[in-house]
Amino acid sequence: MSYQSAQQASQQLTAGCSSIAWETNDNKHLWGRNYDYNTIAASDVIVMPRQYQYYTAGDYYDKNLDKHNLVNSKYAVTGVGTLGMKTTPLFYEGINEKGLMGGQLFYAGYAYFPQTVQPHTLPLNPGYAVTHILAQCATNDDVIKLLTKQVTCIDQALVGGKATVHWVFTDRSGESIIIEPDRTGIHIYRHTAGVMTNSPDYPWHKQNLLTYLNVQNDEFPDRNMNGITVKKPFKGTGALGLPGDFTSQSRFIRASFLKYFGVKGKDEAEGIAYLFRFLDNVAMPLGMVKVNDKHDLSAYDISIYSAAMCSESLRFYWRTYRDCKLYSIDLNKELDNQEIKTFPLHEDPEFTMMN
Numbered sequence: 001m002s003y004q005s006a007q008q009a010s011q012q013l014t015a016g017c018s019s020i021a022w023e024t025n026d027n028k029h030l031w032g033r034n035y036d037y038n039t040i041a042a043s044d045v046i047v048m049p050r051q052y053q054y055y056t057a058g059d060y061y062d063k064n065l066d067k068h069n070l071v072n073s074k075y076a077v078t079g080v081g082t083l084g085m086k087t088t089p090l091f092y093e094g095i096n097e098k099g100l101m102g103g104q105l106f107y108a109g110y111a112y113f114p115q116t117v118q119p120h121t122l123p124l125n126p127g128y129a130v131t132h133i134l135a136q137c138a139t140n141d142d143v144i145k146l147l148t149k150q151v152t153c154i155d156q157a158l159v160g161g162k163a164t165v166h167w168v169f170t171d172r173s174g175e176s177i178i179i180e181p182d183r184t185g186i187h188i189y190r191h192t193a194g195v196m197t198n199s200p201d202y203p204w205h206k207q208n209l210l211t212y213l214n215v216q217n218d219e220f221p222d223r224n225m226n227g228i229t230v231k232k233p234f235k236g237t238g239a240l241g242l243p244g245d246f247t248s249q250s251r252f253i254r255a256s257f258l259k260y261f262g263v264k265g266k267d268e269a270e271g272i273a274y275l276f277r278f279l280d281n282v283a284m285p286l287g288m289v290k291v292n293d294k295h296d297l298s299a300y301d302i303s304i305y306s307a308a309m310c311s312e313s314l315r316f317y318w319r320t321y322r323d324c325k326l327y328s329i330d331l332n333k334e335l336d337n338q339e340i341k342t343f344p345l346h347e348d349p350e351f352t353m354m355n
């Protein structure tokens, strides 16, 4: 891969996203996310095997690699990402063989990382955090121990791009944790709502839910006002006031509404299908979110792909903006791999003809 391609890949660390943790009636734990940006250069579904050697900081192109930051993965990992940095797979999200799932989401205006590494810790580039966490941790407790005692997330660019991100992880217990770095340190929120988008921080989003406590899935009754009966014109009146725009704040509210009132699937297959429908409701359609004045499709942020995964089955599912067909891989079948393996995202439309 060229320097230019790697530079494009590093810019994708600023992708906006929405994520939802979910479960099924037969106790399968799911996690899904939309990846919202205007391009996805040099990215694939990646399978990283056990004992794969990678760096926790630095990259090939910036010539700032240090052999003391070289580690081996304990667990196999799969998810969408890029191999553009050459020395470390950069996962945007993923799942490992222990069922730990999660990813990074854009955290503009809030994310802050120190330049000094704490004593007796490894430096960790924030862009590599998903990779390192999934490669080394089996549970949320492991994630917290790693981030608070074993590494220092540092202010370091990757081929010119910096990861202004926060993270969400979910394990087989069903607990979702949110990790947010700012100037006062790394804040870890446990037993969260299992929903996250982008800035502001999680406490702000949590407080903002108070504004929408009137929103419900039930119908409002007809009402007699000033001598006349006001009848509802159609169904869905309970959700009046639910914000429909594409800001992070509104997507968080919609995702919370969906998770609270949504009907769980009876099993993994049904749960995954329902979860993708939920993600549709917080997705960015082409043309709605203009980000520059270019005269092509890169002028708009869209939900380039959506991904979902199951902690128990270790299956990873995805679809792209133009190809609505669901693709999946089973990590169990890749556990004995010796090398990195990739699968294409399939960005072109594909149809199943029935006659």
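1 is the number of the first residue of the sequence shown in UniProt numbering; add one for each residue after it. A virtual CB, placed ideally from N, CA and C, is assigned to each residue, including glycine.
Alpha-carbon spacing of residue i relative to residue j, whole angstroms
i: Y317; j: N208; result: 31 Å
i: K341; j: Q249; result: 37 Å
i: Q11; j: G127; result: 10 Å
i: H120; j: C310; result: 35 Å
i: L279; j: T192; result: 19 Å
i: I186; j: T148; result: 8 Å
i: P233; j: M225; result: 16 Å
i: I144; j: V168; result: 12 Å
i: K325; j: Q136; result: 32 Å
i: S18; j: L297; result: 21 Å
i: E312; j: H29; result: 7 Å
i: L13; j: L105; result: 8 Å
i: G84; j: K231; result: 59 Å
i: F257; j: Y110; result: 25 Å
i: Q4; j: K63; result: 15 Å
i: H52; j: N198; result: As written in the sequence, residue 52 is Tyr, which differs from the His given in the question. When rounded, the distance between both Cα atoms is 31 Å.
i: F276; j: W31; result: 10 Å
i: S173; j: H295; result: 47 Å
i: H132; j: V117; result: 17 Å
i: R319; j: T229; result: 47 Å
i: A6; j: A15; result: 16 Å
i: N355; j: A269; result: 26 Å
Opening and closing residue of the alpha helix (DSSP H) in which residue i lies
i: A269; result: E268 to N281
i: A57; result: Note, A57: premise wrong, no alpha helix (DSSP H); not H, not E.
i: R251; result: S248 to F261
N-terminal and C-terminal residue of the beta strand (DSSP E) that residue i is part of
i: R223; result: R223 to M225
i: K341; result: K341 to F343
i: T352; result: Segment: none, T352 is in no beta strand (DSSP E) and carries neither H nor E.
i: Y305; result: Y300 to C310
i: Q104; result: M101 to F106
i: D330; result: Y327 to D330
i: T14; result: Per DSSP, T14 belongs to no beta strand (DSSP E) and is neither H nor E.
i: T229; result: I228 to V230
i: R315; result: R315 to T320
Rounded distance between the beta-carbons of residue j and residue i, thought under 8 Å
i: R33; j: G94; result: Contact flag wrong, Cβ pair sits at about 10 Å.
i: A57; j: P123; result: 4 Å
i: N96; j: L146; result: The pair is not a contact, with the Cβ atoms about 13 Å apart (cut-off 8 Å).
i: Y112; j: P181; result: 6 Å
i: V45; j: L345; result: 7 Å
i: G194; j: K259; result: 6 Å
i: G241; j: Y212; result: 7 Å
i: A138; j: L100; result: 6 Å
Cβ shell of residue i (< 8 Å), same chain only, five flanking positions each side left out
i: E334; result: V47, P49, A76, T78 and K341
i: Y321; result: L286, I302, S303, I304, Y305 and E347
i: A299; result: N38, K290, V291, N292 and D293
i: K264; result: W22, E23, T24, N25, G271 and Y274
i: A157; result: S10 and D62
i: R183; result: Y112
i: Q216; result: G238, A239 and F261
Spatial neighbours of residue i in its chain, beta-carbon cut-off 6 Å, leaving aside the 5 residues before and after
i: D218; result: G238
i: A9; result: A41, A42, T82 and G84
i: R190; result: I177
i: D171; result: L100, T139 and N140
i: P243; result: S250 and I253
i: M284; result: D36, F246, D301, I302 and S303
Cβ-based neighbour list, residue i, same chain, cut-off 7 Å, excluding 5 preceding and 5 following
i: T87; result: Y54, Y55, D59, Y60 and L65
i: V282; result: S18, N34, R251, R254 and A255
i: V165; result: L13, Q104, L105, F106, Y107, A111 and P126
i: S328; result: R315, F316 and Y317
i: N69; result: Y55, T56, A57, G58, L122 and P123
At which residue ranges does the region 112 to 143 contain complete beta strand (DSSP E) runs of 3 or more residues, listed in the order of the chain?
-> Qualifying beta strand (DSSP E) stretches, in chain order: 122 to 124.
Identify every run of the beta strand (DSSP E) within the region 139 to 225, keeping only runs that are complete inside it and at least 3 residues long; order them along the chain.
-> Runs found: 151 to 153, 165 to 170, 176 to 182, 185 to 189 and 223 to 225.
Whole beta strand (DSSP E) runs in the region 21 to 98 with 3 or more residues, listed along the chain?
-> As far as the region 21 to 98 is concerned, its whole beta strand (DSSP E) runs of at least 3 residues are 29 to 37, 43 to 48, 53 to 55, 70 to 72, 77 to 82 and 93 to 96.
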